[in-house]
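To start, the structure under review is shown below, and the notes come after it.
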Amino acid sequence: MHSESLLKALHTQPDMIYVQGHRGARGVLPENTLESFEYALSLGIQSLELDVLMTQDNVLVATHNSALHPDTTRHLSGEWVNEDAFQIRNLTLQELQDFNVGACRPESSYQRRFKDQQSLNFAAIPALTDVFQLLLLPENKSAWLNVEIKSDPTKFYQTAPVELVVQQLTDAIEAFGLQKRVVVQSFDWNLCLEMQRVAPHIATSYLTSVGPEDEYGNNNIYPDSVWMGPLANAHLHSSLPEVIANAGGKMWAPYFDNLTSEEMTMARQLGLITYAWTVNELDDVDAMIALGVDGIITDYPLMVLEHLRAQGKAAALIA
Ligand code: MG
């Protein structure tokens, strides 16, 4: 079985664009929770993006940062956690699911950024297989997942080894029969390449953010970048879509503000599917429509979907 049929369907006609819910629908409900994923799927969009890390007992879970986020995580007592107090890799699944990620801390910068996000009384960090279960529901039969593996080669000690994560992920995808309905993406191209080596039948997506190296790991494309693994500096001689397609990537997820029309033309020529992230303003959605991306990754999937529908540009995947 191969993911080719999904990939074929994701090549849009010019001007037709898919919407992908970022961390579920972060603008509306707490990120990377089952509630957020269920809501996003109920909108009639085709795919979700979620972030994945591995626990101490080697369970893949949906959460973004290598440590529990102090602005989104409480103890069951209601007390907010301190920054960097709890590393995901140092907690078992059971310990992790005793934290509440159902709301954001009042007056925090996170809350100011997502002021319309609804609060839940309680939400646990889900296991990746809990999200896979959602895909097996009949009402979600045309949906697919963009699973972003969080791996930082500049801080490799914070996360599980790439080889272990890739093997566990491949086993889980195959156990659920989701080979055609999962794309694996990462800023860490070492992980993309390992995924292609172990499971060449599962499609990979290469994330890019162009800019100088910084301590937060905001960018992964710069001279001598360890994020690019053996492909470091290849972008100095070829365009990013060429580098990714030559490496065996099927999809490309550029930061929307980096993307140029020359790169988009090249991606189309190479058959590389392009999903831009994270597009939360309608002016920027219009810029992506003008560039002709295949998909838009957004915290506000309903808003973007309605904007595309109003112009007759919302692509729909039929199972
Ligand atoms: Mg992500």
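Take any residue in the sequence shown, note its place counting from 1, add 66, and you have its number in the working numbering.
No residue lacks a Cβ here, since even glycine has one placed at the ideal position from N, Cα and C.
Residue i Cβ short of 8 Å to the ligand MG heavy atom set
i	result
H77	no
E328	no
L230	no
R171	no
R89	yes
H130	yes
D117	yes
E260	no
E214	yes
For residue j and residue i, the rounded distance between their alpha carbons
i	j	result
M67	Q262	Residue placement at M67 cannot be trusted, given a pLDDT of 40 that sits under 50; what the coordinates show is reported in the next sentence. Rounded to whole angstroms, M67 to Q262 spans 15 Å at the Cα level.
I109	N131	Correcting the residue type first, residue 109 is Leu in the shown sequence and not Ile. The alpha-carbon atoms of L109 and N131 are separated by roughly 27 Å.
L73	L116	19 Å
A311	I287	16 Å
H301	W293	13 Å
V249	A151	32 Å
M332	A353	18 Å
K379	I362	12 Å
I83	P266	27 Å
S291	W318	18 Å
I339	A313	14 Å
A29	I154	As displayed, the chain neither begins before 67 nor continues past 385, which places residue 29 out of reach and without an answer.
H373	F222	40 Å
V264	L297	18 Å
E279	P289	9 Å
P343	T158	One point to set straight first is that residue 343 is Trp, not Pro, in the sequence displayed. Approximately 31 Å, taken between the alpha carbons.
Beta-carbon gap between residue i and residue j smaller than 9 Å
i	j	result
W210	L383	yes
T220	G295	no
M369	G93	yes
I439	S252	For the chain, the structure presents residues 67 to 385; residue 439 sits outside this window and is missing.
T364	H88	yes
V167	T236	no
L336	P367	no
Y18	S271	Here the chain has residues from 67 to 385 only, and residue 18 is not among them.
A106	T138	no
T64	L119	The shown model of the chain, from 67 to 385, leaves out residue 64, and the question about it has no answer.
N148	L230	no
I111	L273	no
N212	S102	no
L217	L257	Reading off the sequence shown, one finds Ser at residue 217, where the question assumed Leu. Contact: yes.
A75	A128	no
task = Mind listing, in chain order, the continuous alpha helix (DSSP H) runs of no fewer than 4 residues lying wholly within the segment 283-336?
result = Correct list: 306-313, 327-336.
inquiry  = For a minimum of 3 consecutive residues, which ranges assigned as the beta strand (DSSP E) are wholly contained in the segment 168-231?
reply    = Runs found: 210-215.
task = Report yes or no: do the segment 172-179 and the segment 193-201 share at least 3 C-beta pairs separated by less than 8 Å?
result = At 8 Å Cβ cutoff, the stretches do not touch.
ask   = On the three-pair Cβ rule with 8 Å, is the segment 317-330 touching the segment 354-361?
value = Touching, yes, given that three or more Cβ pairs across the two stretches are closer than 8 Å.
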